[in-house]
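A short write-up of the structure that comes next.
Protein chains: 2
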Amino acid sequence: MTEVEAIAHKLARQQKEISVAEFFERNKHILGFGNPTRSLLTSVKEGVDNVLDACEESGILPEIYVEIKNHEDGECRLIIEDNGPGIIKKQVPHIFGRLLYGSRFHAIRQSRGQQGIGISAVVLYSQLTTGKHAKITSKIQEDRPATVTELAIDTNRNRAEVISRAIVHWEKPSGTRLEVSIVADYKRGKRFVYDYLQSTSIVNPHAQITFKEPDGTEHLFERTSETIPKKPIEIKPHPQGIELGTLIKIAKGTKSRRLSSFLKSEFSSMGDRTTKAVCEKAQLDRGLDPKKMSREQFLTLHKAFKKVKIMAPSTDCLSPIGEILIKRSLKHQTQEISPEFIYTASRPTSVFSGSPFQIEVGIVYGGSLPKDKSVRLLRFANRVPLLYQQGDCVSTAAISSIDWRRYGFDQSSGKGIPSGPAIFFTHMSSTLIPFTSESKEAIADIPEIESEIKLAFRECARKVQSHIHKEVKRVKTREKFDLITKILPEIAKKSSDMLGKPVPSLDAVITKIMDVIWIEDLIECEKTSSKPVQATLFEDSSENIDGGWITKSTILVVNYKNMPQKFNLYALIPEDAVVGTVTPKPAKITSRYIKWNLDAIDPANKVDISFELAGLDKGDFDENDLYIENINASYVIGADKWEGE
Amino acid sequence: MTEVEAIAHKLARQQKEISVAEFFERNKHILGFGNPTRSLLTSVKEGVDNVLDACEESGILPEIYVEIKNHEDGECRLIIEDNGPGIIKKQVPHIFGRLLYGSRFHAIRQSRGQQGIGISAVVLYSQLTTGKHAKITSKIQEDRPATVTELAIDTNRNRAEVISRAIVHWEKPSGTRLEVSIVADYKRGKRFVYDYLQSTSIVNPHAQITFKEPDGTEHLFERTSETIPKKPIEIKPHPQGIELGTLIKIAKGTKSRRLSSFLKSEFSSMGDRTTKAVCEKAQLDRGLDPKKMSREQFLTLHKAFKKVKIMAPSTDCLSPIGEILIKRSLKHQTQEISPEFIYTASRPTSVFSGSPFQIEVGIVYGGSLPKDKSVRLLRFANRVPLLYQQGDCVSTAAISSIDWRRYGFDQSSGKGIPSGPAIFFTHMSSTLIPFTSESKEAIADIPEIESEIKLAFRECARKVQSHIHKEVKRVKTREKFDLITKILPEIAKKSSDMLGKPVPSLDAVITKIMDVIWIEDLIECEKTSSKPVQATLFEDSSENIDGGWITKSTILVVNYKNMPQKFNLYALIPEDAVVGTVTPKPAKITSRYIKWNLDAIDPANKVDISFELAGLDKGDFDENDLYIENINASYVIGADKWEGE
């Protein structure tokens, strides 16, 4: 054997398989366990996210209990308990003691956790830092006892080692309780845990979360909605953006014997017509056996996917937060700031690498927010707040690439995070969130996602700009108005006094000077215990509203022009609202707006309009969005031109 | 079965193992394959890093050939060929077609790759995006043929699928050639590939790298050193900072039957005395059987590790770049800038979580670098340049937390990346680089590492500050000097002319006004083909210098004080330099400095001093570091007080 050959053989002998548990044990920072402060948050987060997923899948309203007991030497005991469906005895060691094992990886559906790493990583971290076993109590049936399992992880094999198992009585009908000891910096970390639980509670209003601190203090994040979010449906991959290799892999595993049935059965959005169009574009026979197709045939098929217009994926698999909830969330987080306004924008579903996703954004503006500092970013992914690695996140990149100077923000050289009195909110929902690392704190810089975030923020920024613009216009007219309605009568009165003549009517003069239609509105909220009167015209609503808040919007329209004016008025209403009493009788009510055909209003005359909304929380609806039709929009202060639905 | 119980069973049926290949296939962005630009760089990087590691372990001077053939539709063919030891036939499928399989994970030793993921991830990415197989040619013995293997990865099982194997003739004595097709953006990515190869060549001067572009252009990064870096030695874990869980795991696997032999055989830096001290501090019997110790006993042992002073780990396992090479690297990268000066600083070896590491930093200052922009950061880890995710790297955090205003930089509020005409260089060498993610672009924010980087930069910044300070002092004295030596004689001459008297000698006056020892120096470089004359006093040097550059330093010392002055002068010399002719005869030469005992210099007299250095490249030594002893330092311009070795 020559010297070089000996080296090759020597190197070969050193080659060895690495278990995934060993890998993550060594690289725990990748999973968010880089330092004791962050490890505390990561542990709580993995536990709570898991509970929320399990409850959502099982249709249970989650009740989550998080307790931290602070021991000496920087070691904490963490307890996370839920009222979920419980875990059958046999599965406990796999779920808590084995990495890359789970139920959500192979399903294309929105969920918080996906990889089957999170909760077992907490157990691994616990074992690594304290050498203690994890204790899991679980109960799956009301009339049976619970099982308590103590386990460790054999990292060489990536398998759980069950240390003990026992049967205990537990009052809960069903649920799971995890207890682990971890090295953590409670003092520094508690603020993050609190922030995370608060943010989580806001975007998961159906969850009730109790947080008990080591000193006994209890924080209750109450449930504000009894509705379990619609369970995201599992879907097939979308052909758009799918990798060629994935296409070939799916074809290898399909039961279909014809290309056409393969396309229809293994992918979403592939109906008869689209399938036909794709096959024609690819010049492939629809009767081809997908298992016998060559790489080149798959390549032409793959290219055809990009050339044929394929319907966007169904949104059933996604569970966006919704504009109302986002507004509520932002309002909650900014109570002390009393912002001037909050705008949101939602994008339609889009696709990257075959995975559908949707972007929702929001901008909170004004109030006591500092004018000379960078705007604050709030980031969420599949309803989970992202607290670290902001600089590395696609949302930061997207926001930084917009020229915010055009929307009235400060931004040196038109790039980077702008400065101004604002908070920017971003939420991505997807069947697959492409996190930059397994610590799941930043979304990778994928062009399709960046583009959607930019479009959403541009839309939102235009609203901000238009608000500021409308406000400026209204203030100016108001000044004119004040001048006319207060000073002119004074002058008239004084002149009349001096001349000893009666005070003349100034209506005509005021009208002539103002020369506008003036629209003003007011929104009030009141608590009610009775159901609002349903507007008979609006038949869509079947939702059951038990008391809650009634939002009443009053609109005053005054004609300060010198001719009678006749036009249509639209008031937008939020998605989840139920419309109550509307006066005068509207011409039309849809789920999006109320429309009135206003009869000719004579000069100097006014019309009072009002409507009630139920099904909203106090403050969910705090600004009317008014539009006018069949009149020159430049005559009108307080409403914009109706551009159609 | 109740409803809830049914749910638990249903959820259990959905639980499934996830193969690590499937996991990374889905999460390819974690490995640096997030977009086509970056994927190109990642593929090249994984290939080249692997070659460098294999050659270093085998004592071979690496010759690396990288070729990119650009095909249409954004698909590239990437070829990476080396002259390494080759891979035996049986191992090829495991190394290229299986994730988490390798030789470097279980060894505590500095290497570029560690996890056994990189190169198989390139094959996985290739298969995913192009559906093509990888082709590996390998030869391990000169007089035998090479093997060509075509393979795919079965991601469900994380195993290679060998498509074909053949025997071919290959001229190389030994080596490996990988060919893969990948979807990549060559146009945008080539700059990164070029930068990466250039930087790699600079910090690996023993490697020869050829890069062939699709249009046929070849770039040759030539070998500038024939010395293979000393092979880092495999060591035992260091007790300091080791996790409790790891300690217990090692104890479970040990062959030692006594605590004392366990500590000595399984850990580094544990001699008899330290072992005894640790056991005493922990109040544990040295005869205890480590396999029978309780968790509580391990806990006290673990605490004792922190209380007893344990020697830093041996640096044999690390291979830092060295100050000379860093300076050369920085000089190379900043040629066009012609910086004013470059300073470096190295920290001693330190430890995090049981892994030794060392930090080296450098600051390039001045020249045509912009004064009003943020300083540029250059980051390296185990001799690999880090090109992405700067914002997320511990070096960025460390630099941002220093108040640079104290060192003459601009920095708003004393935090963040400072502005100024400078480039900051950071290199971490370690047996384990804690990357934030598997794309290996940013180092995690670990307190011990951050602290070392801060200390290194503070030291470097002080040098910068002292340079600027010395420069200011020298400029001021120079002004005085110019005044005295030029204007005084003019005045004397004019006065004498007017009075018709002879011009008086001004030496005494000048001396009286100057009242300093003035030290000036000059460094010149010249190419030589002969060996420099070895200074007989310096016996340490046995290095063989074949021609190369000779650096000559000339120092002029003038006594402008009015009394004779006698003192010692020290000139520091760089690590790898060989000292040639020195005049006058020095009192001492060590590997760090040359010392002269200067005889009394009379007022207005001067002494010429010079020394030659070989073994350096042109420009490696471009500024004298001079110190004086046995004289009041405030009398001297151009040298600082000698503080001892």
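Residue numbers (numbering that gives the first Met the number 0), protein chains in the order written: chain Z, 0 to 644; chain H, 0 to 644.
Using N, Cα and C, we set each Cβ at its ideal position, and we do this for glycine too.
For this session: Check the Cβ-Cβ distances between D391 of chain Z and every residue of chain H, and say whether any is below 8 angstroms.
Result: Judged by the 8 angstroms Cβ criterion, D391 of chain Z is in contact with chain H.
Exercise. Can you give the Cα-Cα distance for L431 of chain H and C54 of chain Z, rounded to whole angstroms?
Worked result: Distance between the alpha carbons of L431 of chain H and C54 of chain Z: 40 angstroms.
Exercise. What residues from chain H crowd round L127 of chain Z, counting only those whose CB sits closer than 8 angstroms?
Worked result: Per Cβ cutoff of 8 angstroms: E242, L243, G244 and T245.
For this session: Starting from T553 of chain H, follow its DSSP beta bridges and name the residues at the other end.
Result: Listed as beta-bridge partners of T553 of chain H by DSSP are H:L521 and H:S609.
Exercise. What in chain H is Cβ-close to S436 of chain Z, meaning under 7 angstroms?
Worked result: Neighbours of S436 of chain Z on chain H, chain order: I29, T435 and S436.
Exercise. Name the chain H residues whose beta carbon is nearer than 9 angstroms to that of V472 of chain Z?
Worked result: At residue 472 of chain Z the sequence reads Lys, which differs from the Val that was named. Chain-ordered listing is empty here: chain H has no CB closer than 9 angstroms to the CB of K472 of chain Z, the nearest sitting near 37 angstroms.
Exercise. Could one say the Cβ of L10 of chain H lies closer than 8 angstroms to chain Z's Cβ atoms, at least one of them?
Worked result: Chain Z, which has a Cβ nearer than 8 angstroms to the Cβ of L10 of chain H, makes this yes.
For this session: May I have the straight-line CA-CA distance separating K88 of chain Z from T299 of chain H, to the nearest angstrom?
Result: Approximately 35 angstroms between the Cα atoms of the pair.
Exercise. Do three or more CB pairs link the region 415-426 of chain Z to the region 355-371 of chain Z at distances below 8 angstroms?
Worked result: In short, these stretches touch, since the Cβ pair count reaches three.
Problem set entry | Q389 of chain H versus L51 of chain Z: straight-line alpha-carbon distance, rounded | Computed Cα separation, rounded: 34 angstroms.
Exercise. In chain order, which continuous runs of the alpha helix (DSSP H) of length 4 or greater are located wholly inside the region 55-133 of chain H?
Worked result: If only uninterrupted alpha helix (DSSP H) runs of at least 4 residues are considered, those enclosed by the region 55-133 of chain H are 91-96 and 117-129.
For this session: Starting from the beta carbon of N34 of chain Z, find every residue of chain H whose beta carbon is closer than 9 angstroms, and list them in chain order.
Result: What N34 of chain Z touches in chain H: A443, D444, I445 and P446.
Problem set entry | Reduced DSSP category for Y559 of chain H - H, G, I as helix; E, B as strand; rest coil | Residue state, collapsed to three classes: coil.
Exercise. Is it a yes or a no for the region 302-312 of chain H touching the region 271-284 of chain H, going by three-plus beta-carbon pairs under 8 angstroms?
Worked result: Between the region 302-312 of chain H and the region 271-284 of chain H, the count of Cβ pairs shorter than 8 angstroms is three or higher; the stretches touch.
Exercise. What does a CB cutoff of less than 6 angstroms around E523 of chain Z pick up in its chain, not counting 5 residues either side in sequence?
Worked result: Answer for E523 of chain Z: K551, listed in chain order.
Problem set entry | Residue of H:K462, H:V508 and H:L454 minimising C-alpha distance to G407 of chain H | Minimum Cα-Cα distance from G407 of chain H among the listed residues H:K462, H:V508 and H:L454 corresponds to H:K462.
Exercise. Is the region 143-152 of chain H in contact with the region 28-37 of chain H, if contact means three or more CB pairs nearer than 8 angstroms?
Worked result: With a cut-off of 8 angstroms, the region 28-37 of chain H and the region 143-152 of chain H do not count as touching, because too few Cβ pairs lie within range.
Exercise. CB-CB under 7 angstroms to I6 of chain H, same chain, minus the five flanking residues each way: which ones, in chain order?
Worked result: Correct list: empty, nothing qualifies.
Problem set entry | CA-to-CA distance, S119 of chain Z to H237 of chain H, given in whole angstroms | Annotation: H237 of chain H to S119 of chain Z spans about 27 angstroms, alpha carbon to alpha carbon.
Exercise. Hey, Y64 of chain Z and E45 of chain Z are a contact pair by Cβ (cut 8 angstroms); roughly how many whole angstroms apart?
Worked result: Not confirmed; about 16 angstroms, so no contact.
Problem set entry | Sub-8 angstroms separation of Q564 of chain H and I512 of chain H beta-carbons | Annotated as distal: Q564 of chain H and I512 of chain H, with beta-carbon spacing of 8 angstroms or more.
Exercise. Under a CB-based cut-off of 8 angstroms, is V709 of chain Z close to chain H?
Worked result: Past the boundaries of the shown model lies residue 709 of chain Z; chain Z is included only from 0 to 644, so the question cannot be answered.
Exercise. Anyone know if the C-beta pair for T333 of chain H and E359 of chain H falls short of 8 angstroms?
Worked result: No, they are not a contact pair.
For this session: Note down the Cα distance separating D539 of chain Z from V581 of chain Z, rounded to an integer number of angstroms.
Result: Only weak support exists for where D539 of chain Z lies, its pLDDT of 41 falling under 50; the coordinates are left without a value.
Problem set entry | Proximal chain Z residues relative to L431 of chain H, where beta-carbon distance stays under 8 angstroms | Residues of chain Z whose Cβ lies closer than 8 angstroms to the Cβ of L431 of chain H are, in chain order, R25.
Problem set entry | Residue burial classification, R591 of chain H (beta-carbon count within 10 angstroms, cutoff 16) | When all chains shown are included, R591 of chain H counts as exposed.
Exercise. So, A159 of chain H versus L98 of chain H, is the Cβ gap smaller than 8 angstroms?
Worked result: Not closer than 8 angstroms, so no.
Exercise. At what residues does the beta strand (DSSP E) containing F379 of chain H begin and finish?
Worked result: In this chain, the beta strand (DSSP E) harbouring F379 of chain H covers R375 to A380.
Exercise. If K263 of chain H and K280 of chain H are in contact, beta carbons under 8 angstroms, what's the gap, nearest whole angstrom?
Worked result: That belief does not hold up - the Cβ atoms of K263 of chain H and K280 of chain H are roughly 16 angstroms apart, past 8 angstroms.
For this session: Compute the beta-carbon to beta-carbon distance between E74 of chain H and V182 of chain H, rounded to the nearest angstrom, for a pair I have assumed lies under 8 angstroms.
Result: For a cut-off of 8 angstroms, the C-beta gap from E74 of chain H to V182 of chain H is around 6 angstroms, short enough to register as a contact.
For this session: Report the residue from Z:V471, Z:F423 and Z:V474 whose alpha carbon sits nearest the alpha carbon of K453 of chain Z.
Result: Nearest of Z:V471, Z:F423 and Z:V474 to K453 of chain Z, Cα basis: Z:F423.
Exercise. Do you know whose CA, among Z:I249, Z:I554, Z:K186 and Z:F220, lies nearest L196 of chain Z's CA?
Worked result: Put simply, of Z:I249, Z:I554, Z:K186 and Z:F220 the residue whose alpha carbon is nearest the alpha carbon of L196 of chain Z is Z:F220.
Exercise. I483 of chain H to I608 of chain H, Cα distance in whole Å?
Worked result: The straight-line gap from Cα to Cα measures roughly 25 angstroms.
Exercise. Ordered along the chain, which non-local residues of its own chain (more than five positions away) have a Cβ less than 8 angstroms from that of E242 of chain H?
Worked result: Correct list, in chain order: S352 and G353.
Exercise. How many Å lie between Q464 of chain Z and E178 of chain Z at the Cα?
Worked result: Their Cα atoms are separated by approximately 51 angstroms.
Exercise. Between I362 of chain H and S412 of chain Z, what straight-line distance do the alpha-carbon atoms span, to the nearest angstrom?
Worked result: C-alpha separation (whole angstroms): 27 angstroms.
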